[in-house]
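S.K.:
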Amino acid sequence: MEVKIKSLLVAASLLFAVAVNGQTVQQGLAQLDGDQPNKAKATFTSLVAASNTGENLYYLGYAHLRAGEFDEAKATFEKGLAAEPKQPLNAVGLATLLLAKKDGAGAKTAFDKILADTKMKNAEVMFRIAEAYTLYEETNDPGEAVRLIDLITEKTKKPLTADMQIVKGDAFLLKNDGGPAASAYEQSILINKTAKAYVRLGVVYLRGKNYQYTVNNYQSAYETDSSFAPYYKRMGEYYIIFNRYKESSKFFRKYVERAEATPAILLSTAKLLFLAKDYEGAMQFTTQAEAGGAKDNDIFRMKGYSNIELGNPQLGIENLEQMVKAGVKPYYLDNVYFGKGYQGLKQDSLAIEYFLKAAPEDTINNHYGSIYTIVYGQKKYAKAADYALKSIEWKQKKKAPMASADFYNAAMALYFTTAYTPREDTLARYNIGMKADTMFANAIAINDKFAPFYLFRARTNNYVDYTGTKWLAVPHYDKFLGIADPAKANKEQLYEAYRYLVGYHANVTKDTTKIQEFVDKAVAIKPEDPDKLKEFLAPTTPATSAATTPAKTPKK
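Counted the way mature numbering (1 follows the signal peptide of the UniProt record, and there is no 0) counts, the sequence shown spans residues -22 to -1, 1 to 534.
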């Protein structure tokens, strides 16, 4: 009887130990998922101190691995193998390190041997190998991850856990298979409602631009566990899509409050705050990450980018030059910010040089527009026109929506090029002027309510019609006057249009009513009648007034 009682006590104590062990392991894993790596390591260290088993050492090594501490992970996995050679999880950990170090072939050989040695009967081993194939961008194998997860039930006769379904969903997401990924995450939620699964499901819907379902799932994550840090990170990313930068910044800051402020997390949050246009926050968190011992090339970048955005171009350029001296391979965005920095220092030639380096590689930002602004400001109108046209071509290739300003920029540069082309070069003046006219027409097709489009189109045609005999500007001055508000419009511009139309009707239509109308309006603006427009009211007066003379200098 006594032996039986002792046996029951031993069994009960073992069951209690397993329960505590399971709870502690799950707690540590939840801390890792919640971006609290130091807490997770402390949890697993405590677990190892209580029981120095191969399994416990594996999870401690796994925490180091997830934190990017590869040397510590390797040493811990090796201790695990030494403590319990027959526990295969530490071998899985060492093979996963090969993936982290971009040795995909070596990792596969090791994984295949582990699977053969365990005869694919160990569900946890199969699960952790499948997960490993989803962790690293350059060595992932989502197809193999899905295959292994699907084999778990068949080979071990055990149902998939919620975490296994999440890894399956992650693998499908890597393959850009949104439907199967969503199904896997939904299966995980059916097994166990976790904030992690809801957030993952929200990401699937975000990729599919189903924003309502995205928010619904993120909200479910919050309701399940409001302390789950990645929820706040994902919400911040969501708001960036809609340019709601203040909300985005608030969520990123809340993320750091709930995650651990490790140097790596501080730096990654600094990058997110930069995207949210919270440049002060980006600089603050980058500085904290550096003070905490973070060693990352992006520290130079974040300090450089943020300083330039905060109006400190000299400091920003110095930060980026430190990066170059450290031997960091330039990224196209580095060239963009070198360009912005030099533009801020009024060193236009260097700014243009860097923008031109960035332009072919940057598929997101149109740098030809920035170059146009610099060159146009230098009054190099022909070059400015070239860059404005390249800017239009870039947007058209991207099938990006065109704005009237895109065409107006090109039109204005061509307008001034036309104006400064010698009158003797009639062919060039005509051809350039017609290009400008086309650009104005394109701008008007997008926005036909902006009076300056018509005014400058009229002026352009006036330059093309340099003899003043074809009256090409008439319809455009008419349109300008039809749209401009006489009470608010520039009086000189109104006078210019009235003066031209007086000449037209006096020389071509002979419409005395129109002549009277426009003379009266012009004289109301300039009672001194500097161009002697009133002379056109006399029927015997020949039409030789200044009203018929085309403009000689370009009007801005």
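Every residue, glycine too, gets a C-beta built ideally from N, C-alpha and C. Just so we're clear, the structure is a prediction, and the values are computed from it rather than from any experiment.
Could you compute how far the alpha carbon of residue 200 sits from the alpha carbon of residue 213?
M.R.: Distance between the alpha carbons of residue 200 and residue 213 is about 10 Å.
S.K.: Which first and last residues belong to the alpha helix (DSSP H) in which residue 59 is found?
M.R.: Here the alpha helix (DSSP H) through residue 59 covers 48 to 61.
S.K.: Starting from the C-beta of residue 321, find all residues in its chain whose C-beta is less than 6 Å away, skip the five residues before and the five after it, and write them out in chain order.
M.R.: Cβ within range, chain order: 329.
S.K.: Might you give, ordered along the chain, the residues of its own chain that have their beta carbon closer than 8 Å to the beta carbon of residue 535, omitting 5 neighbours on each side?
M.R.: One cannot answer for residue 535 here, as it falls past the ends of the chain, which runs -22 to 534.
S.K.: What is the C-beta distance between residue 76 and residue 88, in whole angstroms, given that I count them as a contact (C-beta under 8 Å)?
M.R.: That belief holds up - the Cβ atoms of residue 76 and residue 88 are roughly 6 Å apart, short of 8 Å.
S.K.: Tell me whether residue 263 is buried or exposed, calling it buried when 16 or more other Cβ atoms sit within 10 Å of its Cβ.
M.R.: So residue 263 ends up on the buried side.
S.K.: Between which two residues does the alpha helix (DSSP H) harbouring residue 306 extend?
M.R.: Careful: residue 306 lies outside any alpha helix (DSSP H) and carries neither H nor E.
S.K.: Leaving out the 5 sequence neighbours to the left and right, which residues in its chain are closer than 6 Å to residue 143 when beta-carbon positions are compared?
M.R.: Result list for residue 143: 162, 165, 166, in chain order.
S.K.: Count the other CB atoms within 10 Å of the CB of residue 179; is the residue buried (16 or more) or exposed (fewer)?
M.R.: Label assigned to residue 179: buried.
S.K.: Okay, do the stretch 13 to 33 and the stretch 178 to 198 touch, 3+ Cβ pairs below 8 Å being the bar?
M.R.: No: the two stretches stay apart, fewer than three of their Cβ pairs being nearer than 8 Å.
S.K.: How would you label residue 60, buried or exposed, when you count the other beta carbons within 10 angstroms and need 16 or more for buried?
M.R.: Its Cβ having fewer than 16 others within 10 Å, residue 60 is exposed.
S.K.: Does the Cβ of residue -21 have 16 or more other Cβ atoms within 10 Å, making it buried, or fewer, making it exposed?
M.R.: With a pLDDT of only 44 at residue -21, under 50, the local geometry of the prediction cannot be trusted, and no value is derived from it.
S.K.: Looking at the unbroken alpha helix (DSSP H) that takes in residue 477, where does it start and where does it end?
M.R.: Segment 469 to 482, the alpha helix (DSSP H) holding residue 477.
S.K.: Is residue 381 helix, strand or coil by DSSP?
M.R.: It is coil, neither helix nor strand.
S.K.: Cutting at 6 Å between CB atoms, please list the residues of its own chain near residue 17, excluding the five before and the five after it.
M.R.: Closer than 6 Å at Cβ, skipping near neighbours: 9.
S.K.: Along the chain, which unbroken stretches of the alpha helix (DSSP H) at least 4 residues long are found entirely within the stretch 152 to 209?
M.R.: As far as the stretch 152 to 209 is concerned, its whole alpha helix (DSSP H) runs of at least 4 residues are 156 to 169, 173 to 185, 189 to 202.
S.K.: Output the distance between the C-alpha atoms of residue 378 and residue 353, rounded to the nearest integer angstrom.
M.R.: Answer to the nearest angstrom: the Cα atoms are 24 Å apart.
S.K.: So for residue 83, helix, strand or coil by DSSP?
M.R.: Residue state, collapsed to three classes: helix.
S.K.: With burial defined as no fewer than 16 other Cβ atoms inside 10 Å of the residue's Cβ, what is the status of residue 610: buried or exposed?
M.R.: Past the boundaries of the shown model lies residue 610; the chain is included only from -22 to 534, so the question cannot be answered.
S.K.: Rank 362, 396, 345, 156 by C-alpha distance to the C-alpha of residue 373 and give the top, closest one.
M.R.: Measuring from the Cα of residue 373, the nearest candidate turns out to be 345.
S.K.: Is there a Cβ from chain C that is less than 7 Å from the Cβ of residue 102?
M.R.: This model lacks chain C altogether; it includes just one protein chain.
S.K.: With contact counted as at least three CB pairs below 8 Å, one residue from each stretch, are the stretch 39 to 46 and the stretch 62 to 71 in contact?
M.R.: Yes, since at least three Cβ pairs between the stretch 39 to 46 and the stretch 62 to 71 fall closer than 8 Å, the two stretches touch.
S.K.: Would you give the residue range spanned by the alpha helix (DSSP H) that residue 120 belongs to?
M.R.: From DSSP, the alpha helix (DSSP H) with residue 120 extends over 120 to 134.
S.K.: Looking only at its own chain, which residues have a Cβ that is under 7 Å from the Cβ of residue 202, when we skip the five neighbours before and after it?
M.R.: For residue 202, where only same-chain residues beyond five positions count, the Cβ hits under 7 Å are 171, 172, 173, 176.
S.K.: Taking 6 Å as the cut-off, is the beta-carbon of residue 110 closer than that to any non-hydrogen atom of the ligand PLP?
M.R.: Looking at this structure, you won't find the ligand PLP or any other ligand, since it has none at all.
S.K.: Run through DSSP, which three-state label would residue 277 get?
M.R.: DSSP places residue 277 in helix when its eight states are reduced to three.
S.K.: Counting along the chain, where does the alpha helix (DSSP H) carrying residue 494 start and finish?
M.R.: From DSSP, the alpha helix (DSSP H) with residue 494 extends over 490 to 503.
S.K.: Quick one: grab the DSSP three-state call for residue 390.
M.R.: Residue 390 falls in the helix class under three-state DSSP.
S.K.: Can you list, in chain order, the residues of its chain whose CB lies under 6 Å from that of residue 229, leaving out five sequence neighbours each side?
M.R.: Closer than 6 Å at Cβ, skipping near neighbours: 210, 213, 214.
S.K.: What span of residues does the alpha helix (DSSP H) with residue 104 cover, start to end?
M.R.: Residue 104 -> alpha helix (DSSP H) spans 101 to 110.
S.K.: In angstroms, rounded to a whole number, what distance separates the CA positions of residue 453 and residue 391?
M.R.: Their backbone Cα atoms lie some 22 Å apart in a straight line.
S.K.: On the CB-based measure, 16 or more other CB atoms within 10 Å of its CB, does residue 317 come out buried or exposed?
M.R.: Burial call: buried.
S.K.: I need the boundaries of the alpha helix (DSSP H) containing residue 452, first residue and last residue.
M.R.: That run of the alpha helix (DSSP H) goes 452 to 461.
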